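Visitor: I'd like to ask you about the structure that follows.
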Amino acid sequence: MAKRSKKKGGIPIVAINRATENTFVLDDNIINNYEMSKRGGRKEFFITYIPYRDIVTTNVEINRATPDNEIADAITIKTYEDLSLDPGDDYKITYLEVPANSNDSRYYNVFAINNTLLSGDLEPIANHTRYIDYVAKAPFLMSALYKRNIVVPSGVDCFVYLQKDDAFLTIYQNGEYFDSRSLRYNLKFIHDKYTELTGNRVPEQEFYDDLSRNGANISNDPVSRDFMIQIFDDMIFYIGDITNSISKINNIKIDNMYFGTDIGDIPGIEVFIQDRLGLNYKAFDFSIAINQKDFDLTQLDVLMMLMAQEYILNKDDSYNYTPYGRPPALNQRESGKLLGICALAFIAAMAYPIYQYGYGFYNQKVAEKTEKEFAIKDAERNRVRNTLADLQQQIDDTVKKFEEQNGILTKRVETLDAMFDKKVNYPLRSKAVYDISGMVNSNEGMLTRIESNDENMTFSVRTETEKKMTELLKNISNTDGYSVDTKSIILDENNATVAYESNVSVNVEVVR
């Protein structure tokens, strides 16, 4: 079974079979019928093929001395000469080198496709699909079996395929195309031959149905069955002549033969291939979808889908003959590149103004944001400043009240001090005068003057003798609450009577 390489959600593949006029779509490994008249063709991948009968082919020999850069021109010239192609027509010429042992020449299989005729043949399809992504040559479809790892690319394989109006065989060596031939034994030829031999005009579709079910045992009539066996023998020997010729010319040995038709397997054909040709028979029966048996797919439909899968993965247009290819992406077209350059130039020209505008716009936004932040912070600053002003006013009011209260208290203190001085100091001083006067009189002295200064009182006293003065001073000093400070005792000679004088400073100790 074919590997399901198409991922879910990939590109739907639409296979258009021009021979059967059937169209199928492969989407997520599920087959469905496809109506082109109802589709737009934007997301699908469209593929079809060129029947072998429409392919013009030849073999070209080129001298090995020809430089590689001149081979393409040499092949083109020889192809036009060998096939008598009209130089006025547009042909796409492709070629493949054939492995050969010659030291003097190189051999090429050459294919020529008239693009004008091909465009006309495919135009009805393109009118519905808009694009045809891939157009393959029928014998090249088998290459998908090797590229998709369905058939092992080793040895020599021969593929024989019969259609109603076309038939061909193609040979692959080690997975690479080697050679191909057109066959006259298409299904219609076999039907006509059977009708001719039996003399019975069997409806064509009925014949194909019987052939796909019964093979050589197409009829219960022994004579008709023998005619069918004869046709099979002739066909197999005819194919054998072609394969033997190719093998001898190219010194190869065919290992396997795949035999298929548009109507499916023909029962019993493997016996003819193995007995008459001595080749290993392989069923030309490949699968690509889980519901393939529910639809009337031919093996060429399957091969087209495999080829499309390979092309989607590894784009290679070397053998893609579509005249209605999908245009490349805009950035891959010359016009797209020019538009890209213009766009870059425009961007470069507009870059500085755009930068300036963008930078200015950015600065404007930053300024607006900063202004908003400043307004918030300024409001906060004003609130704090007003709060501080209120606090300062409260401080000033408090200081003012304090000063007022302090002034009142100071006045009260002064009043109290004055009152205390009057009530305390003055009585003490009177007492001091009284005490001192008493002690002066006791010592037969006399007060001549009294001076008062703060806590000190100075008494000027006079005695008749120095001894009496000394005793007076001693009595004053020994009296509690008094202290005496006198600097000298002098004799007053001017007085008519001899007398001693002294200024006695008495410290009045006031306890508050």
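Using the numbering used here, count along the sequence shown one by one with no gaps and you end on 529.
For each residue, glycine too, the CB sits at the ideal point set by N, CA and C.
As the structure is a prediction and not an experimental result, all values here were calculated from the model.
If the criterion is Cβ atoms closer than 8 Å, does the pair Ser454 and Thr465 meet it?
Guide: Their beta carbons are not under 8 Å apart, which means Ser454 does not touch Thr465 by this criterion.
Visitor: Between Gly375, Met274, Tyr338 and Asn268, which has its C-alpha nearest Gly257's C-alpha?
Guide: Selected option, being the one with the closest Cα: Met274.
Visitor: Per DSSP, Arg123 forms a beta bridge with which residues?
Guide: According to DSSP, which records beta bridges pairwise, Arg123 is partnered with Ile79.
Visitor: In angstroms with no decimal places, state the Cα-to-Cα distance between Gln326 and Ile64.
Guide: Using only the alpha carbons, I get a separation of about 10 Å.
Visitor: Run through the DSSP bridge pairs and tell me what Ser494 is partnered with.
Guide: For Ser494, which the question treats as bridged, DSSP gives no partner whatsoever.
Visitor: Check for me: the beta strand (DSSP E) holding Glu114 runs from which residue to which?
Guide: Its beta strand (DSSP E) spans residues Tyr108 to Val115.
Visitor: For Ile253, which residues from the same chain have a beta carbon less than 7 Å from its beta carbon, with the 5 sequence-adjacent residues on both sides left out?
Guide: Cβ within range, chain order: Phe289, Ile290, Arg293 and Leu294.
Visitor: What's the C-alpha gap between Met18 and Asp250?
Guide: Annotation note: pLDDT 42 at Met18 (below 50); position unreliable, no value reported.
Visitor: Per DSSP, what kind of secondary structure is Arg147 in: helix, strand or coil?
Guide: Coil, per DSSP.
Visitor: Measure the C-alpha to C-alpha separation of Ser136 and Val152 and round it to an integer number of angstroms.
Guide: C-alpha separation (whole angstroms): 11 Å.
Visitor: Below 8 Å between beta carbons: does that hold for Val127 and Thr75?
Guide: Cβ distance < 8 Å, so Val127 and Thr75 count as in contact.
Visitor: Just verifying my parser: in three-state terms, what is the DSSP assignment at Tyr499?
Guide: Looking at Tyr499 - three-state DSSP - the assignment turns out to be coil, as it is neither helix nor strand.
Visitor: Within 10 angstroms of its Cβ, does Tyr16 collect 16 or more other Cβ (buried), or is it exposed?
Guide: There is simply no residue 16 to check, as the chain begins at 18 and stops at 529 in what is shown.
Visitor: For Ser469, collect the residues of the same chain with a Cβ closer than 7 Å to its Cβ; drop the 5 residues on either side in sequence, then sort them by chain order.
Guide: Closer than 7 Å at Cβ, skipping near neighbours: Arg446.
Visitor: Taking DSSP as the reference, what is the three-state secondary structure of Glu52?
Guide: Here Glu52 sits in coil by DSSP.
Visitor: Does the region 198-211 come close enough to the region 176-184 to have 3 or more Cβ pairs within less than 8 Å?
Guide: Verdict: yes, contact present.
Visitor: Who pairs with Asp224 in a beta bridge, going by DSSP?
Guide: One detail in the question is off: residue 224 reads as Phe in this sequence, not Asp. None; Phe224 has no bridge partner.
Visitor: With a threshold of 16 other CB atoms inside 10 Å of the CB of Ser519, please say whether the residue is buried or exposed.
Guide: Buried is the call here.
Visitor: So the alpha helix (DSSP H) Lys310 belongs to, where does it begin and stop?
Guide: Unbroken run through Lys310: none, as it is neither H nor E.
Visitor: Alpha carbon to alpha carbon, how far is Asp413 from Phe391?
Guide: One C-alpha to the other measures close to 32 Å.
Visitor: Rounded to whole angstroms, what's the CA-CA distance from Ile110 to Ala117? Just pull it up for me.
Guide: The alpha-carbon atoms of Ile110 and Ala117 are separated by roughly 21 Å.
Visitor: Within the same chain, show all residues whose beta-carbon is closer than 6 Å to that of Lys164, passing over the 5 residues directly before and after it, in chain order.
Guide: The answer, listed in chain order, is Glu327.
Visitor: Could you give the distance in angstroms between the alpha-carbon of Gln190 and the alpha-carbon of Asn267?
Guide: About 11 Å.
Visitor: Look up Gln180 in the DSSP assignment and say whether it is helix, strand or coil.
Guide: Note: Gln180 maps to coil in three-state DSSP.
Visitor: What is the rounded straight-line gap between the Cα of Lys20 and the Cα of Ser304?
Guide: Only weak support is given to the placement of Lys20: the predicted model assigns it a pLDDT of 43, under 50, and the value that follows is read from those uncertain coordinates. Roughly 9 Å separates the two Cα atoms.
Visitor: Short check: CB of Asp209 to CB of Pro68, under 8 Å?
Guide: For Asp209 and Pro68, no; Cβs fall outside 8 Å.
Visitor: Can you pull the DSSP bridge partners for Asn34?
Guide: Its beta-bridge partners are Asn39.
Visitor: Tell me which residue opens and which closes the alpha helix (DSSP H) that Gly285 is part of.
Guide: Neither: Gly285 is in no alpha helix (DSSP H) and is coded neither H nor E.
Visitor: Expressed to the nearest angstrom, what Euclidean distance is found between the alpha-carbon atoms of Leu158 and Leu320?
Guide: Rounded to the nearest angstrom, the two C-alpha atoms are 6 Å apart.
Visitor: Considering just the uninterrupted stretch of the beta strand (DSSP E) at Thr482, what are its terminal residues?
Guide: No beta strand (DSSP E) contains Thr482, which DSSP labels as neither H nor E.
Visitor: Just to confirm the assignment: which complete beta strand (DSSP E) runs, minimum length 3, are found wholly within the region 244-283?
Guide: Within the region 244-283, the complete beta strand (DSSP E) runs of at least 3 residues are 273-278.
Visitor: Could you give the first and the last residue of the continuous alpha helix (DSSP H) run that contains Ser160?
Guide: Counting along the chain, the alpha helix (DSSP H) containing Ser160 begins and ends at Ser160 to Lys164.
Visitor: Measure how close the beta-carbons of Ala155 and Tyr66 come, nearest whole angstrom, since I'm counting them as under 8 Å.
Guide: The Cβ separation is near 5 Å, so the contact holds.
Visitor: Go to Ile544, then tell me how far its alpha helix (DSSP H) extends in each direction, as first and last residue.
Guide: There is simply no residue 544 to check, as the chain begins at 18 and stops at 529 in what is shown.
Visitor: Going by DSSP, what residues sit across from Thr74 in a beta bridge?
Guide: DSSP output for Thr74 lists Phe128 as bridge partner(s).
Visitor: From the DSSP secondary-structure annotation, give me the bridge partner or partners of Ser522.
Guide: Paired residues: Thr475 and Asp502.
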